[in-house]
Amino acid sequence: MKTLIVYYSAQWHTKTIAEMIAKELGADLFEVKPAKAYTEADLDYTDGSSRVYREHKDEELRKVALETTDVPGWDNYERVIVMYPVWWAIAAWPLSSFVTSVDFGDKIVYPVAVSHSSPLGKSGEALASAAKGGNWQEGIRFSQDAGEAEIKKWADSL
Ligand SMILES: Cc1cc2nc3c(=O)[nH]c(=O)nc-3n(C[C@H](O)[C@H](O)[C@H](O)COP(=O)(O)O)c2cc1C
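This note's numbering puts the first residue of the sequence shown at 1, with every later residue one more than the last.
What follows is the structure, encoded as C-alpha cells:
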C-alpha cells in the first residue's frame, strides 16, 4: 500500500520515530514546516509570554502558516500516517494546520502522537473531526524515547 508519513517535529523526537516507521514500511516522508520556525525560546512552555504559550491560550493564534501544504503526488497515496508531538495534551498545531488544509478523500489515516508522558487521549479524534475526509483509524502514542522494537512492532501490525 502506497504510504506517506506526514510529520511535524519541533525538536527531533517525532522526526526520528517517523524515519523509523518510514524505513519499516517503505513509506515516503513529508515534513510540515511552519513559515516561521519555532525557536527554543518560542517553545518554552514555562514562560507565560512565549510564542507557544500565547498560541495555546488563544485558539486563533494556533492556525499557523506553513511553508507549503502541497505534497508531491498526494493523490497517489492510499494511506497516510500523521505524526506530531503532544503539546498540552493535543496535537502540536502546525500539524493540525496541515490536516485542516488538505482533503484526505478516501485515504486510510493513522494519527501517531509522540509525547513525554501524555497518552494519545483525544488528540487523534480531534484531528479526525477537524479534517476533510479520510478513513481515520485508531492511532497510537509513542514515548519520545520509544525503542526501535516497539516502533517496528506497530508498523508491522498495520
Ligand atoms: C509546548 C510544549 C508542550 C508540551 N506538552 C506536553 C504534554 O502536554 N504532555 C506530554 O507528555 N509532553 C508534552 N511536551 C513534550 C513533547 O510532547 C515531547 O517532548 C515530544 O516528544 C517532542 O517532540 P519533538 O521532539 O518531535 O518536537 C510538550 C512540549 C512542548 C514544547
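Note that CB positions come from ideal geometry on N, CA and C, so glycine has one too.
Pairwise C-alpha distance: residue j and residue i
| i | j | result |
| --- | --- | --- |
| S117 | S143 | 7 Å |
| G124 | L25 | 21 Å |
| E78 | K122 | 24 Å |
| A41 | L158 | 38 Å |
| A91 | T68 | 19 Å |
| I151 | I21 | 7 Å |
| W93 | E31 | 14 Å |
| T39 | A18 | 21 Å |
| P72 | Y7 | 15 Å |
| I159 | S49 | Since the first residue shown for the chain is 1 and the last is 158, residue 159 is missing from the structure and cannot be characterised. |
| G147 | R51 | 31 Å |
| P34 | E55 | 14 Å |
| A113 | G139 | 8 Å |
| V82 | T46 | 27 Å |
| R141 | D70 | 26 Å |
| K15 | K107 | 22 Å |
| S129 | S96 | 11 Å |
Residue i: first and last residue of the uninterrupted beta strand (DSSP E) it sits in
| i | result |
| --- | --- |
| P111 | 108 to 115 |
| Y84 | 79 to 87 |
| Y7 | 3 to 7 |
Proximity test, residue i beta-carbon vs ligand 1 heavy atom, cut-off 7 Å
| i | result |
| --- | --- |
| Q144 | yes |
| K36 | no |
| K63 | no |
| L120 | no |
| A22 | no |
| L10 | The question names Leu, but residue 10 in the sequence shown is Ala. Flag set: Cβ of A10 near ligand 1. |
| L43 | yes |
| T69 | no |
| W88 | yes |
| P85 | yes |
| S117 | yes |
| V114 | yes |
Unbroken alpha helix (DSSP H) run spanning residue i, endpoints
| i | result |
| --- | --- |
| F30 | Run containing F30: none in the alpha helix (DSSP H); it sits in the beta strand (DSSP E), 28 to 31. |
| M20 | 13 to 25 |
| V102 | First-last for V102: undefined, no H or E at that position. |
| Y53 | 51 to 57 |
Min CB distance residue i to chain B below 8 Å
| i | result |
| --- | --- |
| S49 | The structure shown contains no chain B; it holds only a single protein chain. |
*Segments assigned beta strand (DSSP E), at least 3 residues, entirely inside the region 117 to 158*: 140 to 143, all fully within the region 117 to 158.
*Check whether the region 124 to 139 touches the region 89 to 109, taking contact to mean three or more Cβ pairs, one atom from each stretch, closer than 8 Å.*
Three or more beta-carbon pairs drawn from the region 124 to 139 and the region 89 to 109 are found closer than 8 Å, and the two stretches are therefore classed as touching.
*Inter-stretch contact (C-beta, 8 Å, three-pair minimum) for the region 52 to 63 and the region 71 to 86*: In this structure the region 52 to 63 does not touch the region 71 to 86; the number of beta carbon pairs closer than 8 Å is below three.
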